[in-house]
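First comes the structure, then the notes that go with it.
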Amino acid sequence: MTEQQSVQTKTASPATPTLPDAQTVTSVRHWTDRLFSFRVTRPASLRFRSGEFVMIGLMGDPHPETGKQKPLLRAYSIASPSWDEELEFYSIKVQDGPLTSRLQHIQPGDQIILRPKPVGTLVHDALLPGKRLWFFATGTGFAPFASLLRDPQTFEDYDQIIMTHTCRDVAELDYGKELIENIRSDEMMGELLGEENLSKLVYYPTTTREESPKMGRITTLLQDGTVFKDLGIEGISPETDRAMVCGSMGLNTDIKEILEGFGLEEGANSDPKHYVVEKAFVG
Numbered sequence: 001m002t003e004q005q006s007v008q009t010k011t012a013s014p015a016t017p018t019l020p021d022a023q024t025v026t027s028v029r030h031w032t033d034r035l036f037s038f039r040v041t042r043p044a045s046l047r048f049r050s051g052e053f054v055m056i057g058l059m060g061d062p063h064p065e066t067g068k069q070k071p072l073l074r075a076y077s078i079a080s081p082s083w084d085e086e087l088e089f090y091s092i093k094v095q096d097g098p099l100t101s102r103l104q105h106i107q108p109g110d111q112i113i114l115r116p117k118p119v120g121t122l123v124h125d126a127l128l129p130g131k132r133l134w135f136f137a138t139g140t141g142f143a144p145f146a147s148l149l150r151d152p153q154t155f156e157d158y159d160q161i162i163m164t165h166t167c168r169d170v171a172e173l174d175y176g177k178e179l180i181e182n183i184r185s186d187e188m189m190g191e192l193l194g195e196e197n198l199s200k201l202v203y204y205p206t207t208t209r210e211e212s213p214k215m216g217r218i219t220t221l222l223q224d225g226t227v228f229k230d231l232g233i234e235g236i237s238p239e240t241d242r243a244m245v246c247g248s249m250g251l252n253t254d255i256k257e258i259l260e261g262f263g264l265e266e267g268a269n270s271d272p273k274h275y276v277v278e279k280a281f282v283g
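Using the UniProt record's numbering, you'd call the opening residue of the sequence shown number 1 and step up by one each time.
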């Protein structure tokens with residue numbers, strides 16, 4: 001763990017709800033001064049597909065005249081897999097952000113609002129069958145893939161899974177790097193996913209500002225063919241390749257253009273195709 005990382009954990013018994021749709025925070029981990037993850041209790045009735053998101057938040061300040069409070073809610077991808085007993089989230093810290101300026105200070109035992117209505121496009125149902133699955137993420141856009149990478153279906157459906165993650169600095173890759181290492185080394189994950197399946201997973205992290213073994217935006221590395229050369233792949237084809245994209249608006253737009261240049265078509269839950277983009281992701 002780096003000096004900037006800190007972990008807060010304790011066994012938090014569910015508190016008496018004081019918020020609507022309240023869930024109790026069970027652990028918090030600060031990865032950098034800009035990134036943190038946390039886990040909360042899972043409603044017994046909540047069912048979701050790995051890759052979906054829910055609305056979570058806190059109560060806002062009382063209205064100066066009426067004293068009434070309104071919930072501050074934002075869309076957050078569920079980072080934990082659908083089989084997990086708790087829910088995990090991965091977030092940036094925006095110092096003047098209406099929600100994250102408060103959310104970054106939560107501690108085990110605190111409560112958050114969680115609207116138990118999962119939705120989203122980054123699900124297996126939105127893709128046609130294929131041989132190779134690409135996950136394209138920037139920053140905290142890694143979150144839905146943290147869920148999908150721990151879902152047995154991901155490995156059952158594809159011969160190869162390529163997880164690309166682009167951040168500015170090396171420390172911003174730590175959440176994803178540790179998760180990948182745990183998937184590969186954890187005995188339970190090995191049993192759940194199958195040791196043979198784990199060999200299908202390829203991790204391709206890059207940085208754009210701080211020096212690292214692989215520099216550059218994933219869009220540039222796709223356009224100039226570096227990714228394919230590094231991985232020993234001929235290219236991307238609608239016959240074999242499927243993709244999911246989650247990141248900044250700029251990344252989403254650029255990757256869409258690149259994928260469509262390879263002949264891939266955008267899909268949806270109601271119309272499965274070759275790739276999908278999470279448009280509701282904030283952060």
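Even glycine gets a Cβ: it sits at the ideal position worked out from N, Cα and C.
Between residue i and residue j, what straight-line distance do the alpha-carbon atoms span, to the nearest angstrom?
{"i": "Leu19", "j": "Ile78", "result": "20 Å"}
{"i": "Val282", "j": "Gly190", "result": "Any reading at Val282 needs caution, since the residue's pLDDT is 43, under 50, leaving its predicted position unreliable; the model's value is listed next. Near 32 Å, if we compare the C-alpha coordinates of Gly190 and Val282."}
{"i": "Tyr158", "j": "Leu103", "result": "37 Å"}
{"i": "Glu178", "j": "Ala171", "result": "11 Å"}
{"i": "Pro213", "j": "Thr32", "result": "20 Å"}
{"i": "Glu210", "j": "Leu221", "result": "17 Å"}
{"i": "Gln4", "j": "Thr24", "result": "Model confidence at Gln4 stands at a pLDDT of 48, short of 50, so the residue's coordinates are unreliable; what they give is reported in the following sentence. One C-alpha to the other measures close to 25 Å."}
{"i": "Val119", "j": "Trp83", "result": "17 Å"}
{"i": "Ser147", "j": "Asp61", "result": "33 Å"}
{"i": "Val202", "j": "Arg42", "result": "30 Å"}
{"i": "Met188", "j": "Glu181", "result": "13 Å"}
{"i": "Asp230", "j": "Lys68", "result": "56 Å"}
{"i": "Asp186", "j": "Ser50", "result": "20 Å"}
{"i": "Phe38", "j": "Gly57", "result": "13 Å"}
{"i": "Thr9", "j": "Gly176", "result": "Because Thr9 sits at a pLDDT of 49, beneath the cut-off of 50, its placement in the model cannot be relied upon, and the point is left open."}
{"i": "Ile270", "j": "Glu65", "result": "Contrary to the premise, residue 270 reads as Ser rather than Ile in this sequence. Going from the Cα of Ser270 to the Cα of Glu65 covers about 46 Å."}
{"i": "Gln160", "j": "Ser199", "result": "8 Å"}
{"i": "Ala268", "j": "Phe48", "result": "17 Å"}
{"i": "Leu259", "j": "His274", "result": "9 Å"}
{"i": "Trp134", "j": "Glu278", "result": "14 Å"}
{"i": "Ser80", "j": "Gly247", "result": "18 Å"}
{"i": "Ala15", "j": "Ile233", "result": "Per-residue confidence for Ala15 stands at a pLDDT of 48, beneath the threshold of 50, marking its modelled position as unreliable; the derived number appears in the next sentence. Cα-Cα distance, rounded: 52 Å."}
{"i": "Gly216", "j": "Gly225", "result": "12 Å"}
{"i": "Pro71", "j": "His105", "result": "17 Å"}
{"i": "Leu99", "j": "Met59", "result": "9 Å"}
{"i": "Leu251", "j": "Leu46", "result": "31 Å"}
{"i": "His30", "j": "Leu173", "result": "13 Å"}
{"i": "Gln95", "j": "Met249", "result": "20 Å"}
How about residue i and residue j: do their beta carbons lie closer than 8 Å?
{"i": "residue 325", "j": "Arg242", "result": "Nothing in the structure corresponds to residue 325, since the chain is present only between 1 and 283."}
{"i": "Tyr204", "j": "Thr240", "result": "no"}
{"i": "residue 284", "j": "Pro129", "result": "Since the first and last residues shown for the chain are 1 and 283, residue 284 lies out of range."}
{"i": "Phe89", "j": "Ala143", "result": "yes"}
{"i": "Gln107", "j": "Val28", "result": "yes"}
{"i": "Ile112", "j": "Leu73", "result": "no"}
{"i": "Glu265", "j": "Val276", "result": "no"}
{"i": "Asn197", "j": "Phe155", "result": "yes"}
{"i": "Lys93", "j": "Arg168", "result": "no"}
{"i": "Ile236", "j": "Val245", "result": "no"}
{"i": "Asp125", "j": "Pro272", "result": "yes"}
{"i": "residue 284", "j": "Phe36", "result": "This structure cannot settle anything about residue 284, because the visible part of the chain is limited to 1 through 283."}
{"i": "Met55", "j": "Arg150", "result": "no"}
State the beta-bridge partners of residue i as determined by DSSP.
{"i": "Ile56", "result": "Arg74, Leu114"}
{"i": "Ile161", "result": "Leu133, Leu201"}
{"i": "Leu173", "result": "According to DSSP, which records beta bridges pairwise, Leu173 is partnered with nothing at all."}
{"i": "Glu266", "result": "Tyr275"}
{"i": "Leu127", "result": "Lys273"}
{"i": "Phe89", "result": "Phe38"}
{"i": "Val119", "result": "Phe53"}
{"i": "Met189", "result": "None; Met189 has no bridge partner."}
{"i": "Gln23", "result": "Ile112"}
Contact check, residue i vs residue j under 8 Å by CB: the rounded distance?
{"i": "Thr140", "j": "Glu86", "result": "In fact, because the Cβ distance is near 19 Å, the residues do not count as touching under 8 Å."}
{"i": "Ile218", "j": "Thr206", "result": "6 Å"}
{"i": "Phe53", "j": "Ala75", "result": "5 Å"}
{"i": "Ile162", "j": "Arg132", "result": "7 Å"}
*Fully enclosed by the segment 213-241, which alpha helix (DSSP H) runs are 4 residues long or longer?*
With a minimum length of 4 residues, the continuous alpha helix (DSSP H) runs that stay inside the segment 213-241 are 218-223, 226-231.
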